[in-house]
Amino acid sequence: GKVREAVVFGEKLVLVRKIWSRLGEKVIHVEDQVTNEGFIESPFMILYHINIGYPLLDEGSVLLLPAVRTIPRDHWAEEGKEEWFRFHAPQKGYFEKVYLHYPKTLGDGFGASLLLNERLKLGVYVKFDTKELPYFTEWKMMGEGEYVVGMEPGNCFPLGRKKEREEGRLVFLKPGETRKITLEIGIVDGEEEIREFKKYLGMD
Numbered sequence: 001g002k003v004r005e006a007v008v009f010g011e012k013l014v015l016v017r018k019i020w021s022r023l024g025e026k027v028i029h030v031e032d033q034v035t036n037e038g039f040i041e042s043p044f045m046i047l048y049h050i051n052i053g054y055p056l057l058d059e060g061s062v063l064l065l066p067a068v069r070t071i072p073r074d075h076w077a078e079e080g081k082e083e084w085f086r087f088h089a090p091q092k093g094y095f096e097k098v099y100l101h102y103p104k105t106l107g108d109g110f111g112a113s114l115l116l117n118e119r120l121k122l123g124v125y126v127k128f129d130t131k132e133l134p135y136f137t138e139w140k141m142m143g144e145g146e147y148v149v150g151m152e153p154g155n156c157f158p159l160g161r162k163k164e165r166e167e168g169r170l171v172f173l174k175p176g177e178t179r180k181i182t183l184e185i186g187i188v189d190g191e192e193e194i195r196e197f198k199k200y201l202g203m204d
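Residues in the sequence shown are numbered consecutively from 1, following the UniProt record's numbering.
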């Protein structure tokens, strides 16, 4: 598919997306190309918001993410920051917590995160190219009826263009420049696959 983002006196970006899978695999591949078709340099912010809920997300589920650094977004996230990776049952009146992660690049040049439910022996992972997506945002929402974790690799944090520019994270595309981004979403099923993926993450 193709999506065009264009405004007068502003950006003229085109996203071309290919989504594919192989018969017999438990993996979805996403391949994106973003091109600046304008005549001036353009800011380029992209974040993949992948939401997972019940029953995979449940009391006792954990998020495995090898990271160099983790920062709570605000005072809400500061409370309980030591438990950023651990999930509990839905709570009444829960206010969302957001954690900003700097993921490690693994041996194959990718970063990865696994949401794991040990009771079900089942997990969902997201694997991403850290050259193009060097940041990972975790949206932890443990509310009643709003029970979800967002696994969000990106080339920025969702803090707004002004903040990203100030922090030196804002990416720009030159006229005619194209960026290629690859992303993988997959399932690990059973003790052996879980053990192998933990080993891949360096968290065995």
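Yeah, the Cβ is synthetic: ideal placement off N, Cα and C, and Gly gets one too.
- Around the CB of Thr178, fewer than 16 other CB atoms lie within 10 Å, so the residue is classed as exposed.
- In the DSSP annotation of this structure, Arg169 is not part of any beta strand (DSSP E), being labelled neither H nor E.
- The beta carbon of Lys26 sits closer than 6 Å to those of Gly186 and Ile187, all from its chain and outside the five residues before and after it, given in chain order.
- Trp20: member of the beta strand (DSSP E) spanning Lys12 to Trp20, first to last residue.
- In summary, Met203 is exposed, with fewer than 16 beta-carbon neighbours lying within 10 Å of its beta-carbon over all protein chains present.
- Around Phe87, the same chain offers Leu57, Asp58, Glu59, Gly60, Ser61, Val62, Leu63, Lys140, Met142 and Val149 as residues with beta carbons nearer than 8 Å, after the five sequence neighbours per side are excluded.
- Val98 is bridged by DSSP to Trp139.
- Residue pairing by DSSP places Arg119 opposite no residue, since no beta bridge is assigned to it.
- For Ile194, the enclosing alpha helix (DSSP H) stretches over residues Glu191 to Leu201.
- Gln91 has its alpha-carbon roughly 49 Å from the corresponding atom of Pro175.
- For Ile71, the CB contacts under 6 Å within the same chain, skipping 5 residues up- and downstream, are Leu100 in chain order.
- The beta carbon of Tyr125 sits closer than 7 Å to those of Ala112, Ser113, Leu114, Gly186, Val188 and Phe197, all from its chain and outside the five residues before and after it, given in chain order.
- Counting along the chain, no alpha helix (DSSP H) covers Ala6; the unbroken beta strand (DSSP E) around it starts and ends at Lys2 to Ala6.
- In the same chain as Asn117, and ignoring 5 residues on each side of it, the C-beta atoms closer than 7 Å to its own belong to Leu56, Asp58, Ser61 and Gly123, in chain order.
- Lys162 sits in a helix when the DSSP states are folded into three classes.
- Note on the region 59-92: whole beta strand (DSSP E) runs with a minimum of 3 residues are 62-64 and 67-72, in chain order.
- When the five nearest sequence neighbours on each side are left out, the beta carbons in the same chain lying within less than 6 Å of the beta carbon of Lys180 are those of Gln33, in order along the chain.
- The beta carbon of Phe128 sits closer than 7 Å to the beta carbons of Phe110, Gly111, Pro153 and Leu183 from its chain, once the five residues preceding and following it are set aside; these are given in chain order.
- Distance from the Cα of Arg195 is smallest, within the candidate group Phe44, Val16 and Lys121, for Lys121.
- Going by C-alpha positions, Leu23 is about 40 Å away from Val7.
- The C-beta of Ser21 has fewer than 16 other C-beta atoms within 10 Å across all chains shown, which makes the residue exposed.
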